[in-house]
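See below for the structure under consideration.
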Amino acid sequence: MSSFKNLSQSMTLFFLIFITSFQIIYTPTANAIPAFARQTDQTCTSCHSQHFPTLNAFGRMFKASGYTMVGSQPQVEGNGLSLPQSLNAALIGDVQYIKGEEQEIGFPAALSLYLAGKAGEKAGFLFEIPFANQKIEGTDASGNAIEGETTGAVARFGSFKASYVDQISNFNIGAHAFSTEMAGPAYGYELLSTGAMGMNVAQTGANAMGAIGMHMEHGATLMSQFMGSNSDMPMAGAATGFGASVQNDMGFIYYSTYIGQQKVEHFTNPTFGQYLRAAWTPTFAGFNIGTGVQLYFGETTSGSGKVDAKATTFDFQAQGELVGKPVGFYASYAKSPKSTSSSVNHYNMSTGGDNSAFGMLAEVGVMEKVSVSLGYVSATYWMDMKNDMGMVMSMEQNGSSTTIGAEYLFLPNVRFALRYASFGGDFNDSSTVATIYAGI
């Protein structure tokens with residue numbers, strides 16, 4: 000009851016701050032994946048709010064229409080074919096320094112090749128090919144599996160989605176296919192930047208979904224603290240499936256059936272989980288609003304076999320302008336029920352209790368290229384571990400993270416981010432992260 004009371008107080012405070020803050024009508028600015036910028040002739044200040052990768056209203060429209068908008072780029076057309084003459088690509092990566100209990104540096108910390116854009120008159124796609132180190136695997140003299148030295152970075156299948164979108168009356172009607180290693184079934188179609196799909200958040204580590212492992216989050220986050228206590232903490236980000244969407248200016252509905260795995264081969268007798276997303280996206284007092292719900296239900300095939308897929312999330316965002324400065328407010332709540340002795344929940348494999356989290360973030364553009372942010376997330380996370388007697392013990396962990404961040408946009412496609420995170424609850428830790436993101 001106390002946790003619900005704290006959640007209610009936090010939500011009330013958040014919305015009071017938001018409601019009393021309405022001022023001036025604002026048209027957001029943006030930044031885009033360079034592959035899309037090449038196709039559309041739009042600068043990287045056309046599709047994102049304040050800085051990439053957060054989408055604004057125009058960016059959501061471009062995504063909702065299936066990435067088919069083009070500019071002056073020559074097209075190959077005829078007999079039903081409609082393709083850009085060039086395959087649009089982008090290389091996106093970051094350099095990162097982390098100061099916590101230890102010092103870490105990544106050069107690069109992450110690097111991905113993107114192929115993306117129009118695939119037909121009403122079809123588009125996005126394909127991410129990340130590069131990562133790989134350990135040589137083998138066996139010892141007894142036949143036991145071992146890991147050898149780490150080799151250089153190798154390319155792997157990251158995430159792919161293809162969409163076919165037709166406009167009927169004032170609605171965009173879409174069909175989607177996707178496969179992702181880290182973003183969950185929301186990867187097939189998601190327009191908000193609340194954490195409902197973790198790849199396009201304003202700041203990593205300030206959303207409820209990532210805090211309890213519903214999708215992957217990299218870096219110094221609350222999820223990384225839980226993982227530090229349990230290196231076997233399962234992530235539920237892998238997903239392969241199909242979906243259908245209906246969208247207009249007032250909102251969207253997306254339904255997907257999916258497998259809780261990703262692999263570049265056939266699935267044998269898979270079980271498809273169900274995912275339903277509904278969001279309302281009106282404009283109110285000059286602010287672009289987004290608020291919705293995600294429902295995960297049914298059963299799915301995961302790496303551990305046939306499992307339940309049960310979770311619920313609620314989210315809210317508002318992008319606009321206060322006293323002449325661009326702002327963004329984001330809030331999210333997520334809950335995944337505990338597993339039972341007879342059925343495992345893909346989104347909470349512990350039998351001890353329900354996982355839940357609440358997160359919120361406020362971001363303000365204080366100068367033309369500078370923004371600051373304040374984020375908070377708290378979570379209850381259960382894990383099952385075996386003791387020395389081989390008995391399974393359930394353990395509850397409660398954690399929180401308060402983050403202070405600053406961003407400087409060197410160029411529309413290059414930004415510097417500085418973030419300080421302080422962890423509380425069962426954790427007594429902090430970290431400072433400096434990152435340069437770039438896309439070409």
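Oh and the sequence shown: position 319 is 318 in numbering that gives the first Met the number 0, straight run, nothing missing. All C-beta atoms, glycine included, are put in the ideal place defined by N, C-alpha and C.
In terms of Cβ geometry, residue 350 and residue 315 do not form a close pair [threshold 7 angstroms]. Excluding five sequence positions before and after residue 302, the CB atoms of its chain that fall closer than 7 angstroms to its own CB belong to 260, given in chain order. Per DSSP, residue 416 is one residue of the beta strand (DSSP E) stretching across 413-424. Bounds of any alpha helix (DSSP H) do not take in residue 116; it lies within the beta strand (DSSP E) bounded by 102-119.
With fewer than three CB-CB distances shorter than 8 angstroms, the region 78-87 does not count as touching the region 260-274. Residue nearest to residue 275 within the set 333, 243, 64 is 243 (criterion: CA-CA distance). If one requires a minimum length of 3 residues, the beta strand (DSSP E) runs lying completely within the region 169-210 are 170-179, in chain order. Between residue 222 and residue 210, the beta carbon gap of about 6 angstroms places them in contact (Cβ cut-off 8 angstroms).
In this structure, residue 435 lies near residue 415, with their beta-carbon atoms less than 7 angstroms apart. Going by DSSP, residue 331 is part of the beta strand (DSSP E) stretching over 324-335.
Restricting attention to beta strand (DSSP E) runs no shorter than 3 residues, the region 295-378 encloses them at 298-301, 304-307, 310-321, 324-335, 354-364, ordered along the chain.
The beta-bridge partner set that DSSP reports for residue 438 consists of 91. Counted as a single uninterrupted DSSP element, the beta strand (DSSP E) harbouring residue 165 occupies residues 158-167. Within its own chain, the residues whose Cβ lies closer than 6 angstroms to the Cβ of residue 159, once the five positions on either side in sequence are excluded, are 126, 178, listed in chain order.
In the structure shown, the three-state DSSP call for residue 289 is strand. Contact between residue 308 and residue 346 holds: their C-beta atoms lie close to 7 angstroms from each other, under 8 angstroms. The DSSP-derived three-state label of residue 62 is helix.
Straight through space, the alpha carbons of residue 338 and residue 408 are spaced by roughly 44 angstroms.
Counting along the chain, the unbroken beta strand (DSSP E) around residue 392 starts and ends at 391-410. Residue 109 is positioned such that its CB atom lies no closer than 7 angstroms to that of residue 207. Between residue 272 and residue 239, the gap from beta carbon to beta carbon reaches 7 angstroms or more.
Residue 223 carries a helical assignment under DSSP once its states are collapsed to helix, strand and coil. Between the C-alpha atoms of residue 400 and residue 226 there is a straight-line separation of about 14 angstroms. Judged by their CB atoms, residue 286 and residue 333 are not nearer to each other than the 7 angstroms cut-off. The residues 64, 172, in chain order, have a CB closer than 8 angstroms to that of residue 166 in the same chain once the five nearest residues on each side in sequence are set aside. The three-state secondary structure of residue 433, taken from DSSP, is strand. Around the Cβ of residue 91, a 10 Å sphere holds 16 or more other Cβ atoms; the residue is buried. By the neighbour-count criterion, in which 16 or more other beta carbons inside 10 Å mark a residue as buried, residue 129 falls on the buried side.
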